[in-house]
Amino acid sequence: MAQQPSSGGPSGAGQRPEFDMTRLLSEMKLPAVPDVQALGEASRRNLEALTAANRVALEGAQAVARRHMEIMQQAMTDMSDSVKTLTAADTPQVKAAKQAELVKQGYQRAVTNMQELSDLIQRSNTEALSLLNRRFAEAMDELKSMAEKKHT
Numbered sequence: 054m055a056q057q058p059s060s061g062g063p064s065g066a067g068q069r070p071e072f073d074m075t076r077l078l079s080e081m082k083l084p085a086v087p088d089v090q091a092l093g094e095a096s097r098r099n100l101e102a103l104t105a106a107n108r109v110a111l112e113g114a115q116a117v118a119r120r121h122m123e124i125m126q127q128a129m130t131d132m133s134d135s136v137k138t139l140t141a142a143d144t145p146q147v148k149a150a151k152q153a154e155l156v157k158q159g160y161q162r163a164v165t166n167m168q169e170l171s172d173l174i175q176r177s178n179t180e181a182l183s184l185l186n187r188r189f190a191e192a193m194d195e196l197k198s199m200a201e202k203k204h205t
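Residues in the sequence shown are numbered consecutively from 54, following my numbering.
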């Protein structure tokens with residue numbers, strides 16, 4: 054008696070033949086799934102679109118992280134320069150005026166940087182969502198086409 058491939062581990066318990074879902078579905082001739090091969094291709098395209106969207110999202114996250122690091126490095130340089138500027142001030146009045154000026158510049162820079170990071174995130178999300186939306190529309194057209202083929 055020929056042994057069948059084991060899927061139950063090294064002890065051989067739970068032995069069963071290899072399972073081919075595509076062949077099984079093809080043989081079943083399901084009325085709701087007229088073309089199993091077309092359905093498989095559609096699933097492949099869905100996965101490709103999801104992979105592409107994930108790649109775009111990852112690249113966007115990397116760009117945000119890179120830019121954030123650049124902003125932090127610039128902030129450290131600016132802070133060092135600010136300390137030098139404040140220590141060089143002659144009188145308390147000049148020092149207070151310099152502090153107010155530095156706070157205003159720092160706030161404006163922070164707002165600009167946050168807007169830039171927000172724009173980077175939004176562009177990345179928009180591109181990824183666009184890929185998914187496009188594939189969803191294509192998938193709906195494919196399903197409609199499959200359904201129409203069944204009725205003809």
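The beta-carbon is built from N, C-alpha and C at its ideal position, and this holds for glycine as well. Keep in mind it's a predicted model, so treat the numbers as computed, not measured.
Margin query: Considering only their Cβ atoms, is the gap separating A106 from A208 smaller than 8 angstroms?
Written below: Since the displayed the chain opens at 54 and closes at 205, residue 208 lies outside it and no answer follows.
Margin query: So, at 7 angstroms on beta carbons, what are the nonlocal neighbours of T144 in its own chain, with the 5 sequence-adjacent residues on each side left out?
Written below: In the sequence shown, counting from the first residue as 1, residue 144 sits at position 91. Contacts found: none.
Next item on the list: Please name the residue in E112, S135, I124 and R162 whose C-alpha comes closest to that of I174.
Entry: Mapped onto the sequence shown, residue 174 falls at position 121. For I174, the nearest C-alpha among the options comes from E112.
Margin query: With a threshold of 7 angstroms on Cβ separation, who are the neighbours of A200 within its own chain once the five nearest residues in sequence on each side are excluded?
Written below: If you number the sequence shown from 1, residue 200 lands on position 147. Here the set comprises nothing.
Next item on the list: Could you check if L184 is buried or exposed, using at least 16 other CB atoms within 10 Å of its CB as the buried criterion?
Entry: Indexing the sequence shown from 1 puts residue 184 at position 131. L184 comes out buried.
Check: Roughly how far, in whole angstroms, is the beta-carbon of Q152 from the beta-carbon of L139, given that I think they are within contact range, below 8 angstroms?
Finding: Position 99 of the sequence shown, counted from the first residue, corresponds to residue 152. Position 86 of the sequence shown, counted from the first residue, corresponds to residue 139. About 7 angstroms; that satisfies the 8 angstroms criterion.
Check: Closest to I124 by CA distance: which of T179, K202, T75 and T165 is it?
Finding: Position 71 of the sequence shown, counting from 1, holds the residue named residue 124. Taking only the C-alpha atoms, the option nearest I124 is T165.
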